[in-house]
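Chemist: Quick mapping for you: the protein sequence lines, in order, are chains D and U. The working numbering numbers the first residue of the first sequence as 6 and each following residue consecutively. The working numbering numbers the first residue of the second sequence as 373 and each following residue consecutively. A virtual CB, placed ideally from N, CA and C, is assigned to each residue, including glycine. Here it is, the structure, as structure tokens.
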Amino acid sequence: MGALAPEIWVAVRLTIELAALTTLLLLVLGTPLAWWLARSGAWWKELVAAVVALPLVLPPTVLGFYLLVALGPSGPGGLIAGFWGERTLAFTFEGLVIGSVLYSMPFVVQPIRNAFEAVGERPLEVAATLRASPARAFWTVAVPLARPGFLTAAVLGFAHTVGEFGVVLMIGGNIPGETKVLSVAIYDYVELMQWREANILAGGMVVFALTVILAMTMIERRMARPGA
Amino acid sequence: MSGPDAIQVAFRGRIGGFQLDAAFTAPGRGCTALFGPSGCGKTTVLRCIAGLQRLAAGACVVKGEIWQDGSRFRPAHGRPVGYVFQEASLFAHLSVRANLLYGTRGRVPAAPADAIGLVEVVELLGLARLLDRAPGHLSGGERQRVAVGRALLSQPQLLLMDEPLSALDRPSRDEILPFLERLHEQLALPIIYVSHDLAEVERLADHLVLMQAGGVLAAGPLAALQSDPTLPLARSRDAAVSLDGVVAGYDAAYGLASLQVDGAQFLVPAAPAPQGSRRRLRIAAGDVSLAQVLPEASTILNILPVTIVSAAATEAQQIVAVLSLRPDGAGPRLLARVTRRSWEQLGLAEGAAVYAQVKSVALAPASRQRDPM
């Protein structure tokens with residue numbers, strides 16, 4: 006087995022950067038959303054939950070199509086890109102991050118929401134009767150008790166972003182070092198009949214996926230530890 | 373009782389399909405029991421006092437501070453209450469010590485004159501061995517003791533307890549009840565205690581709020597409500613009175629304590645007790661019989677001259693007589709349950725002077741000093 010082409014490492018690095026940034030953004034955006042979904046009594050919250058869950062059901066190409074329109078020169082994405090003198094967010098790393106955040110959102114919001122719901126009202130009531138403000142109760146009781154949910158959310162969000170393909174192809178295309186992530190690179194190698202490289206990448210992804218699933222099992226086992 | 377120290381509450385409103393309309397005043401000291409059957413709204417009242425639940429038509433004034441009225445509502449975290457839930461509800465991610473200190477933001481209170489210190493709470497509730505354990509590794513009774521300690525250490529001005537024993541099995545209950553009695557004796561903190569178990573109320577409460585179907589049936593001192601023949605308590609099969617007595621002497625040869633209750637004296641089999649210490653006596657209506665003349669020879673230790681204050685018929689052809697330990701009809705009351713036949717054959721009536729034969733007296737084990745620690 007000879008040395009891998011440097012372009013593979015470029016794709017690996019880009020993929021990790023994209024997944025890490027997406028996961029971080031999703032934890033920041035998804036936590037308040039999950040908190041609201043878990044605790045609000047608003048009648049329309051399930052509608053919001055359904056919108057968040059859409060990428061689970063929609064073909065990635067549909068999501069990709071709308072994103073392409075939204076990120077393009079005549080959409081809001083083009084408007085934003087205008088601030089730094091570009092015409093579009095499509096076919097850029099930034100556009101890919103936006104797409105990934107939307108695409109992986111349900112995989113982050115759902116576990117956090119479930120974890121908050123599992124924590125329930127009681128620990129927060131206890132905290133309130135111990136003079137903890139709602140903010141203190143959130144940070145010192147709800148978040149620590151929901152920690153397994155956050156771990157699951159981070160692992161799933163990261164893994165799902167690594168594995169996305171359809172959306173990337175629609176809005177990112179195939180620009181090396183900018184938008185060419187692993188899943189697209191494999192597709193390319195196959196198109197170019199470079200079976201060895203495709204094989205290595207595909208095998209690597211299998212190992213990665215296995216690791217993720219094992220990690221999830223471990224988290225869930227820890228989640229089931231006896232509580233009070 | 374409506375003085376500046378009192379706790380005045382009034383809550384009215386609908387929660388789900390349940391209509392609550394409860395108002396009462398409780399003294400700002402001692403233990404007030406909210407007693408009634410399951411589902412009568414006791415817990416809802418307690419949650420409203422804590423601010424965990426908000427009824428629009430509600431008022432809550434505690435020791436002169438308005439916690440809720442028509443326009444104001446102080447949120448739960450702004451009210452100086454300690455709340456003990458039915459299930460201990462310890463924070464699973466924190467050690468016992470961190471649970472205890474959550475309300476003080478981790479600082480160890482040093483116990484100045486008006487505060488409760490960690491050392492005192494650990495001593496009072498027997499928590500020394502548990503401090504570094506995780507809540508998941510405690511028994512039910514231990515968890516509930518930690519929950520009580522956690523509530524106390526948040527330096528509350530009012531302790532609210534929602535059936536703290538009902539989720540426990542019998543041994544855990546017997547283990548924790550003496551701790552609650554010590555708590556009640558040694559701290560000056562007012563307690564509102566929700567229960568549907570009359571035995572707990574008889575041992576702990578000084579004041580009683582009887583609840584039924586979302587409303588307040590009666591409120592007043594425990595002994596007064598116990599001996600009111602118009603209320604279901606005095607007419608029930610378990611009718612009894614709780615009397616607070618002072619140990620006047622101890623006869624070691626016979627193992628008998630002599631207790632003074634407002635001039636009357638009771639001899640009760642008991643463990644040695646220091647003179648002057650306080651004990652709570654429980655005398656069941658079914659253990660008291662009446663006689664026209666003083667029986668000359670009897671195995672019954674406690675035969676007391678009493679006056680019949682009032683009498684009411686129960687469903688089972690029986691009479692419940694309310695007895696005063698004083699000739700003028702004032703002072704502490706006893707209840708006697710007798711058959712209607714005996715009542716009529718002896719020609720008993722209200723105002724009659726008779727002798728009460730008390731067959732058995734139960735003692736609550738703890739002393740009842742009301743001095744703050």
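1) Could you tell me the distance, in whole angstroms, from the CA atom of residue 725(U) to the CA atom of residue 376(U)?
2) Measuring only the C-alpha atoms, how far is residue 152(D) from residue 138(D)?
3) Taking contact to mean at least 3 C-beta pairs separated by less than 8 Å, is the region 208-221 of chain D in contact with the region 44-52 of chain D?
4) Looking only at its own chain, which residues have a Cβ that is under 6 Å from the Cβ of residue 675(U), when we skip the five neighbours before and after it?
5) Determine whether the Cβ of residue 131(D) lies closer than 7 Å to any Cβ atom of chain U.
6) Less than 7 Å between CB atoms is the rule here; does residue 565(U) satisfy it with respect to chain D?
7) By the DSSP assignment, the beta strand (DSSP E) with residue 401(U) in it spans what residues?
8) Which residues in chain D sit within 8 Å of residue 424(U), going by Cβ to Cβ distance?
9) Note down, in chain order, each residue of its chain lying with its Cβ closer than 8 Å to the Cβ of residue 611(U), except the 5 sequence neighbours on either side.
10) For residue 733(U) and residue 640(U), which I take to be in contact (beta-carbon distance under 8 Å), what is that distance rounded to the nearest angstrom?
11) Can you find a CB in chain U that lies within less than 7 Å of the CB of residue 109(D)?
12) Mind listing which residues of the region 381-396 of chain U have their C-beta closer than 8 Å to chain D's C-betas, in chain order?
13) Could you tell me whether any Cβ in chain U is nearer than 7 Å to the Cβ of residue 153(D)?
14) From the DSSP output, which residues share a beta bridge with residue 152(D)?
15) Name the residue from 683(U), 664(U), 679(U) and 393(U) whose alpha carbon lies nearest to the alpha carbon of residue 718(U).
16) Could you check whether the Cβ of residue 539(U) sits closer than 7 Å to any Cβ belonging to chain D?
17) Could you name each continuous beta strand (DSSP E) segment of 3 residues or more that falls completely within the region 605-686 of chain U, going from the start of the chain to the end?
18) Can you give me, in chain order, the residues of the region 195-213 of chain D that have a beta carbon less than 8 Å from any beta carbon in chain U?
19) Are residue 468(U) and residue 517(U) close, meaning C-beta to C-beta below 7 Å?
20) Can you check whether the CB of residue 524(U) is closer than 7 Å to the CB of residue 564(U)?
21) Please classify residue 632(U) as buried or exposed, where buried requires at least 16 other C-beta atoms within 10 Å of its C-beta.
22) Using C-beta distances below 8 Å, list every residue in its chain close to residue 602(U), excluding the 5 sequence neighbours before and after it, in chain order.
23) Are there three or more Cβ pairs, one per stretch, closer than 8 Å when the region 164-180 of chain D is compared with the region 116-124 of chain D?
24) Going residue by residue through the region 695-736 of chain U, where are the continuous beta strand (DSSP E) segments of at least 3 residues, counting only ones entirely within it?
25) I need the boundaries of the beta strand (DSSP E) containing residue 382(U), first residue and last residue.
26) Does the beta-carbon distance from residue 25(D) to residue 111(D) come in below 7 Å?
27) Give me the Cα-Cα distance between residue 202(D) and residue 157(D), rounded to the nearest whole angstrom.
28) Grab me the residues of residue 594(U)'s own chain with a C-beta within less than 7 Å of its C-beta, minus the 5 sequence neighbours each way, in chain order.
29) If you check the beta carbons only, do residue 567(U) and residue 407(U) fall under 7 Å apart?
30) Starting from residue 703(U), find everything on chain D with Cβ-Cβ shorter than 7 Å and list it in chain order.
31) Could you pull the start and end residues of the alpha helix (DSSP H) that residue 128(D) belongs to?
32) Within 7 Å (strictly less), CB to CB, does residue 137(D) reach chain U?
33) Work out the CA separation of residue 33(D) and residue 227(D) for me, nearest whole Å.
34) Can you look up residue 40(D) in the DSSP assignment and give me helix, strand or coil?
35) Use the C-beta contact count for residue 109(D): other C-beta atoms within 10 angstroms, 16 or more gives buried, fewer gives exposed.
36) Closer than 6 Å by C-beta to residue 384(U): which residues in its own chain qualify, once you throw out the five before and the five after it? Chain order, please.
Modeler: Taking the geometry as given:
1) 41 Å
2) 20 Å
3) no
4) Here the set comprises 727 and 729.
5) yes
6) Taking Cβ atoms only, chain D never reaches closer than 7 Å to residue 565(U), which makes this a no.
7) Going by DSSP, residue 401(U) is part of no beta strand (DSSP E) at all; its letter is neither H nor E.
8) 130, 133 and 134
9) 598, 605, 656, 657, 658, 692, 707 and 709
10) 5 Å
11) no
12) none
13) Under the Cβ criterion of 7 Å, residue 153(D) is not counted among the residues facing chain U.
14) Looking at the DSSP assignment, residue 152(D) forms no beta bridge with any residue, so it has no partner.
15) 664(U)
16) no
17) 612-623, 628-633, 636-641, 650-656, 660-663 and 674-685
18) Listed in sequence order: no entries.
19) no
20) no
21) exposed
22) 684
23) no
24) 705-711, 725-730 and 734-736
25) 379-387
26) no
27) 31 Å
28) If you ignore the 5 residues before and after residue 594(U), its C-beta comes within less than 7 Å of the C-beta of 577, 578, 579, 580 and 614, all in its own chain and listed in chain order.
29) The criterion of a C-beta distance shorter than 7 Å is satisfied by residue 567(U) and residue 407(U).
30) By Cβ distance, chain D contributes nothing, its closest Cβ being about 40 Å from residue 703(U), past 7 Å.
31) 127-134
32) yes
33) 24 Å
34) helix
35) buried
36) 393 and 429
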